[in-house]
Structure formats: structure tokens, C-alpha cells
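One line per chain: the protein sequences are D and C, in this order. Quick note: the first sequence uses the working numbering, first residue 7, plus one each step. Quick note: the second sequence uses the working numbering, first residue 7, plus one each step. Ideal placement from N, C-alpha and C gives every residue a C-beta, glycine not left out.
Protein chains: 2
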Amino acid sequence: MAATIKDVARVSGVHVSTVSRAFSAPHLVNPATRSRVLAAADDLGYRPNRAARALTTGRTFNLGLIVADISNPFFPPLIKAAQAQARGRDHHVFVADTDEDPRVEEELIRTLTKQVDGVLLCSPRLSNKVIERLAEDVPFVVVNRRIRGMPSVLMNVAQGAALALDHLAGLGHRRIALVCGPAGSWTSNEMQAVAARSQGLDLVSFGPNQPTEGGGLAMAAEVAACGATAVLAYNDLLALGLVEGLAAMGIKVPEQISVIGFDDILPGRLNRPKLTTVAMPAAAAGRMAVDLLLQSGGEGATVTLDTALIVRESTGRART
Amino acid sequence: MAATIKDVARVSGVHVSTVSRAFSAPHLVNPATRSRVLAAADDLGYRPNRAARALTTGRTFNLGLIVADISNPFFPPLIKAAQAQARGRDHHVFVADTDEDPRVEEELIRTLTKQVDGVLLCSPRLSNKVIERLAEDVPFVVVNRRIRGMPSVLMNVAQGAALALDHLAGLGHRRIALVCGPAGSWTSNEMQAVAARSQGLDLVSFGPNQPTEGGGLAMAAEVAACGATAVLAYNDLLALGLVEGLAAMGIKVPEQISVIGFDDILPGRLNRPKLTTVAMPAAAAGRMAVDLLLQSGGEGATVTLDTALIVRESTGRART
DNA sequence: CCCTCCCTTGCAAACGGTTGCCAGACCAAG
DNA sequence: CTTGGTCTGGCAACCGTTTGCAAGGGAGGG
């Protein structure tokens with residue numbers, strides 16, 4: 007139905023190869039011929055078929071971006087930044103959501119292979135082994151995960167966790183609950199590692215949990231019962247759910263329990279109390295990941311971005 | 007680099023056409039041959055190149071989904087529902103964000119054409135004319151917009167707006183501010199139409215505005231100054247920004263001003279006060295849109311989904 | 001024992017482009 | 001008027017897969 011390169015060739019009276027060159031190698035065709043071709047293309051409404059082009063050139067000018075849960079407000083800034091950066095480099099980004107399911111994740115990557123020039127894998131749930139195998143078929147950049155020999159963009163979670171714990175310690179908290187995220191999450195492991203080597207604090211660990219509001223709600227009772235005066239949550243969604251759950255039990259934040267999250271998502275800023283959190287440089291990570299993917303010379307480069315503690319209203323002095 | 011159908015053919019000692027059939031028409035090949043082919047394919051790690059397949063078959067088993075702003079929490083439930091529904095019908099969904107920019111939107115659609123079997127256009131910012139032209143190249147289903155002869159999924163905004171206005175009137179409000187969304191938004195127009203024919207209410211209209219928290223923040227002063235005791239906002243994001251802006255001016259919601267939003271997004275449920283809102287059936291819309299797109303027999307079908315008023319904490323009796 | 005018919009497989013042409021190679025046209029210099 | 005170089009555009013192969021057509025072989029019926 008749609009016009010092909012042949013139609014344009016016929017109408018403008020030249021060979022298809024000339025039409026092709028008129029578009030992708032203008033300096034190889036006579037300006038007069040070229041404008042004749044372009045005119046014909048224009049009134050036929052011709053658009054090169056990108057899939058066909060990809061077949062011969064091997065380049066699609068598309069990028070894939072895979073996230074575990076698109077409804078987690080942490081991702082949109084990352085996605086938007088990646089899209090903007092890609093657009094500036096003449097590429098488009100296709101986003102897909104895995105529903106936190108590794109099988110879906112693998113399936114999606116397989117589908118994307120050959121339809122994109124590279125894939126941004128954000129907080130993957132797949133094992134390193136599987137990812138390494140898939141990397142033979144399509145270039146990856148991994149965000150929030152360190153994988154041997156693969157370009158990664160990391161956020162300095164350890165530093166953020168340390169800042170958060172210092173902040174709490176400074177407010178007089180001693181017994182602190184650590185509400186973890188999904189099993190196999192690199193971020194979650196980093197947090198636990200920092201916690202493990204923290205001095206003079208009494209840490210209780212809960213999890214693994216779904217990194218969602220629901221996950222937080224579900225943990226509220228246990229956390230309240232454990233005697234901690236402060237909580238460090240895997241992410242803001244969990245933290246928000248926790249605050250909600252505690253409120254439902256009549257426990258006030260920060261008067262009775264302090265809560266810190268990770269990510270610095272929008273709802274955390276709108277919530278009352280406004281959430282104290284460790285801000286993750288999501289937009290910067292998105293841009294950086296695209297750069298890494300497109301320069302592709304950067305074999306196995308690892309970039310680590312700094313995090314920052316943002317103190318708002320959900321943390322206060324420990325009740326004595 | 008990656009194995010092709012030829013490699014499999016060579017290894018298993020058959021013609022490429024046989025390999026092809028072993029995958030896509032098993033009944034046409036001898037079971038013994040087939041298992042030999044499958045074995046060869048398996049240890050070569052062969053995966054059919056979907057782009058190449060699409061070239062001959064014209065089918066990609068991919069769907070495109072275009073939204074104006076992926077960071078608007080209204081969209082993720084719609085996206086997830088669409089993905090789940092598509093997955094059940096053996097298709098994948100690629101999401102792209104237009105940044106509310108019609109030019110980007112058009113560009114994205116062009117890119118998607120021929121790489122997908124159809125496109126879900128959610129709250130498009132493009133003119134009807136342009137959309138109709140683009141529809142010649144790829145099948146569309148439009149969400150939140152009515153376009154002649156094109157399958158659409160609508161939400162009954164008029165009904166929701168009427169419910170909201172009734173609710174406010176019942177609480178004694180007479181002067182009500184209508185904080186509109188982007189120009190050219192079908193939803194925004196519907197709201198204004200309902201407002202225009204409402205009896206006994208004194209309505210002041212503001213806008214167009216960006217449908218974001220920032221848009222709401224920016225309008226807070228004007229709304230406060232106009233003497234309205236209640237506000238109906240284009241969406242929850244605007245409403246949330248408004249509440250925030252009013253709070254910053256020392257104005258309490260709902261004690262001094264009542265606020266109603268649209269969409270029923272998660273942050274609205276977490277916010278204090280919890281937002282009264284008109285719930286939009288986003289997930290149902292996503293599922294329905296995919297169905298419409300895939301059955302494709304449903305030329306120009308229009309589906310309208312009901313909305314519901316959810317009364318929470320941001321509305322109260324009018325101050326007298 | 002021959003003739004059909006069905007099963008299985010190979011052949012080759014498409015799908016819509018890109019690109020290395022080659023030939024003709026043209027121009028300037030010798 | 002030849003020679004050599006530069007432009008320009010055509011030819012054809014190729015990318016990976018599907019599919020209509022036809023040929024070979026074996027089995028069953030007459």
C-alpha cells in the first residue's frame with residue numbers, strides 16, 4: 007500500500023539505487039537529479055522502510071529500554087532523560103516493562119534483539135549468567151547492576167546509605183529497621199553491606215519485599231513491633247507504604263518512628279510528612295547510559311554517580 | 007555474528023526453506039527432520055530475525071503505544087494493562103513518550119510505522135487531520151479522543167464532571183474554578199462543555215495549563231484570588247500542585263477551598279489530604295484499546311467507559 | 001505391475017532497501 | 001585529437017526469512 011523505493015524510482019525515472027543514494031548519500035548524486043527524486047518521493051509520501059533498511063545496514067537507530075515496573079515513579083525521569091539524549095543522537099527509544107518477571111524480561115530482550123541497536127537494562131531481575139549470554143546478541147548497558155565486562159551505570163547507593171545512617175545516628179537513633187527490596191537486587195545488596203559494617207547501630211533486616219507501596223504497607227506491623235525507632239527503606243514507594251501503614255496503626259512519623267527512603271520520587275515530595283530520602287541521579291543515569299551505548303567504544307566502562315541525602319519531614323529525633 | 011537460518015540449514019543438512027517451515031509450519035515437515043533441525047537450531051542458539059520476517063510477512067507482532075508524558079502517573083496502569091493484554095495475544099508493546107510535543111509525536115509515529123502492527127495513541131496532541139493522514143500508513147486506536155471513522159476508546163468525562171459538580175453543589179459551593187488542561191485536549195473540552203451547561207453555578211475558567219504538578223502550582227495564586235470556594239482540575243497532577251501551592255499561601259484544603267481532580271492516580275491517594283477525584287478506567291481502556299487494534303475488524307468502533315466519583319478528603323462544605 | 005495421490009523437501013522469487021563495482025559522459029590538460 | 005581523471009548513475013548481489021510451485025519417492029488401490 008505505502009509507496010516503496012521502486013515507486014519513487016519509476017516516477018522519477020531513475021534506478022532504485024539512485025533513489026537510495028539521494029537519501030543516504032546525497033553527495034553521490036547530481037543535485038538536479040536529487041531534487042527530482044525528492045520531489046517524486048514527497049508527493050508519493052514515500053518513507054524509507056526502516057525494518058528493510060536495518061536488514062542490510064545492521065543499524066536500526068532504535069534503542070530498547072527495559073524496566074522492571076514502569077509505574078514506579080523512579081523510572082520516568084530516567085526514561086525521559088534517555089529519550090532526550092537519544093533523540094539528540096538521532097535515535098529513538100522503545101520502552102518495555104517486565105512486571106518484575108525475569109521470564110518476561112528475557113522474552114522482551116529476545117524480541118528487541120535485531121530491532122534495536124542496543125538495550126538499556128534498568129535494575130534487571132535476570133541472573134548475571136543469563137544476561138551475559140544475551141549480550142552476545144545485542145549490546146547492553148546495565149543500570150543499577152554491576153556485571154563483569156559489561157558497561158554499567160551505577161548509583162552510589164553505599165554512600166547514600168551511609169549518609170542516611172549517619173543522619174539517623176545523629177538524631178539519636180540506635181535500633182534501625184532495614185526494609186529490603188526484591189531478592190537479587192544489586193541496590194538492596196549494597197544497602198545491606200553498608201548496614202552490616204556500620205558501627206554502634208543495632209540493625210534489624212526485613213525482606214525481601216516487593217518494591218512497592220503495597221510491600222511497605224504489608225511490613226508496617228512487623229516494623230512497628232520490632233522496637234526500632236527508625237527505618238531505612240529500599241525505596242520511596244516502600245517508605246510511603248510504610249508511613250501509610252504506620253499511620254493506620256496510629257503511629258506518627260516522625261514523632262514516633264523516623265523513615266528514610268531512596269530515589270526521591272515526586273509523590274514523596276507531595277506526601278505529608280514530606281519524605282526524607284536519598285536522591286538517586288536517575289536522569290543523569292539515563293543520559294549516561296545512552297552515551298555509553300552509542301559510543302560503544304567504551305567496552306565495559308563503569309560509571310558511578312553520586313547520591314545525596316535530602317532531609318525533609320519524615321525524620322526526627324529519636325524518642326527516648 | 008548471530009546464527010541465521012542458513013547456518014541452521016547447513017548444520018542440519020537441509021534447505022533453508024525446511025528450517026523455516028520447521029518453525030512456522032511444523033505440520034509440513036517430517037517429525038524426524040524437524041527434531042534434527044530444532045536440535046541444530048538449539049545448539050547454534052538460533053533465533054529468527056523478526057525484522058527480516060516482518061519484511062516478507064508484513065506482520066511484526068509488535069504494538070506501539072504513544073503517550074504524551076510517561077511521568078504522569080495516569081499512564082502506567084493503562085500501559086501495564088495494554089502490555090498484559092497484548093502479551094496474552096502474543097504481541098509485545100513498545101512505549102514511547104512525546105514530551106507533549108506534536109512534532110515529536112509525528113516523528114515517533116513515522117518511526118513506528120512498519121516496525122509495529124498497530125499503534126495506540128493515548129491523548130494525542132496532533133490535529134485530527136494529521137492523524138487521519140498518518141492512519142493510512144499504520145492502524146491506529148485512539149484513546150481519549152474522538153476521530154471520525156477511527157476506532158476510539160473514550161472515558162465518560164462528561165459524566166464524571168457532572169458528578170463532581172453535583173457533589174460540590176451539594177456541599178454548598180456556588181463559585182467554582184475550572185482549571186483546564188492543554189489546548190486541544192479532548193478531555194479538557196468535554197469538561198468545559200459540561201461546565202458551560204451547568205445550572206446555578208458560577209464558573210471561572212483558567213488555562214490552558216500544562217497538565218502537571220508545576221501547572222497547578224503556577225495557578226494557585228490566581229485561583230485563590232478569584233473568590234471560588236472550590237476547584238475542578240483537569241487532572242490529579244494539576245490538583246495536587248494546586249493543593250501544594252495553596253498550602254504554601256497558608257490556605258487550607260478542604261477547610262477554605264475544596265479541590266477535585268481527575269484520574270485517581272496513586273500520589274493522590276497518598277497525599278494529605280487524600281484527593282477527591284473522578285476515577286478514570288485507565289486499565290480497562292488499555293485492554294480495550296489492544297483488543298480493538300488486534301481484532302481490527304472493528305472498523306471505527308467507539309467504546310466509552312464509565313467514570314466514578316471517589317470522595318476522599320479534599321472536598322468539604324463551602325465556607326459561608 | 002502400473003497409476004495416483006500424498007508427503008516431504010528443494011528451488012527460486014519475493015519483501016524493501018543498500019552498496020561495491022563498473023561504464024559512460026564530460027572536462028581539462030597535453 | 002588523444003589521454004586521464006572526476007562525476008554520475010546503472011547493475012546486481014546481498015541482508016534473513018517466507019512461500020508458491022514443482023519434483024521425487026513411497027504407499028495404496030485397481
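Beta-carbon separation of A87 of chain C and G292 of chain C under 8 angstroms? yes
Residues of chain C with CB under 8 angstroms from R151 of chain D, in chain order? In chain order: nothing, as chain C lies at least about 22 angstroms away.
Euclidean distance between Cα positions of N162 of chain D and A290 of chain D: 13 angstroms
Burial state of S191 of chain D, where buried means 16 or more other Cβ atoms lie within 10 Å: buried
When the Cβ atoms of the region 71-88 of chain C are set against those of the region 12-21 of chain C, are three or more pairs found closer than 8 angstroms? no
Out of C:R95, C:A74, C:S211 and C:F67, state which residue places its alpha-carbon closest to the alpha-carbon of T218 of chain C. C:A74
Short CB-CB distance (under 8 angstroms) between L44 of chain D and chain C: no
Under 8 angstroms between beta-carbons, which chain D residues line up against K86 of chain C? List them in chain order, please. I76, S77, D103 and D105
Residues, ordered as in the chain, of the region 127-143 of chain D that lie near chain C by beta-carbon distance below 9 angstroms: R139, E142 and D143
Between the Cα of S6 of chain D and the Cα atoms of D:R53, D:A45, D:D242 and D:T193, which residue gives the shortest distance? Nothing in the structure corresponds to residue 6 of chain D, since chain D is present only between 7 and 326.
Whether or not the region 196-212 of chain D and the region 176-185 of chain D are in contact is what I'm after, with contact meaning three or more pairs of Cβ atoms, one per stretch, closer than 8 angstroms; do they touch? yes
Provide the residue span of the alpha helix (DSSP H) that contains I85 of chain D, from first to last. F81 to G94
Below 8 angstroms, how does it come out for the region 168-177 of chain C and the region 258-277 of chain C: are there three or more Cβ pairs, yes or no? yes
Using only CA atoms, which one of C:R42, C:T24 and C:H97 lies nearest to L34 of chain C? C:T24
Residues of chain D with CB under 8 angstroms from V99 of chain C, in chain order? A102
What does the alpha-carbon distance come out to for the pair I115 of chain C and V125 of chain C? 8 angstroms
Work out the CA separation of V43 of chain D and M286 of chain D for me, nearest whole Å. 50 angstroms
Report yes or no: do three or more beta-carbon pairs, one from the region 306-323 of chain C and one from the region 276-285 of chain C, lie closer than 8 angstroms? yes
Going by beta carbon distance, what residues of the same chain come within less than 6 angstroms of H97 of chain C, once the five residues before and after it are set aside? F67 and L69
Residue-chain proximity (R53 of chain D, chain C), Cβ-Cβ < 8 angstroms: yes
Quick one: what does DSSP say S77 of chain C is sitting in, helix, strand or coil? coil
In three-state terms, what does DSSP make of M161 of chain C? strand
Per-residue DSSP class, three states only, for G176 of chain C: helix
Counting only beta-carbon atoms, is T283 of chain D nearer than 8 angstroms to chain C? no
Could you check the C-alpha separation between F325 of chain C and A236 of chain C for me, to the nearest Å? Correcting the residue type first, residue 325 of chain C is Arg in the shown sequence and not Phe. Straight-line Cα distance between these residues: approximately 10 angstroms.
Separation of S129 of chain C from V148 of chain C, as counted between CA atoms: 8 angstroms
Interface partners of A58 of chain C on chain D, CB under 7 angstroms: L61
For a minimum of 3 consecutive residues, which ranges assigned as the beta strand (DSSP E) are wholly contained in the region 235-271 of chain D? 236-239 and 264-269
Within its chain, find whatever has a CB closer than 7 angstroms to the CB of F29 of chain C; leave out the 5 residues flanking it on each side and keep chain order. P54
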